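In terms of my numbering, the sequence shown is numbered consecutively and its last residue is 113.
For glycine and all other residues, C-beta sits at the position ideal for the given N, C-alpha and C.
Since the structure is predicted, the reported quantities are computational estimates derived from the model, not experimental observations.
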Amino acid sequence: MIMAKTKREEAWHTHFAQLQAYIQEHHQLPDKKKVENRGLLNWWKYNMKVLKQDKLDEEKKRLLQELGNSRDIHQ
């Protein structure tokens with residue numbers, strides 16, 4: 039049985055795709071001093087915190103690790 043994605047799941051994947059596109063274009067995380075992209079940076083930081091707490095499912099862990107590896111990104 040395949041479960042439909044919740045709105046929260048859809049929002050997570052939307053933010054992931056936005057951050058992925060930003061990194062592909064700029065080769066780095068958004069600048070915290072630029073208001074227009076601060077939300078993406080905060081989303082990344084929050085998810086890294088949750089990842090370290092081992093509270094993400096395997097798919098999200100894999101996606102975030104691949105994104106981090108796409109450019110040597112560290113907080």
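The C-alpha of PHE54 is placed about 8 Å away from the C-alpha of LEU101.
DSSP places GLN62 in the helix class (H, G or I) of the three-state scheme. With a cutoff of 8 Å on beta-carbon distance, LYS90 and LEU79 are scored as not near each other. At least 8 Å separates the beta-carbon of LEU67 from that of TRP81. Counting only residues of its own chain and dropping the five nearest sequence neighbours on each side, GLN58 has a CB closer than 7 Å to the CB of LEU105.
Residue state for THR44 is assigned as coil, using DSSP reduced to three classes. Across the set TYR84, GLN56, LYS87 and HIS65, the C-alpha of GLN56 shows the shortest separation from the C-alpha of GLU74.
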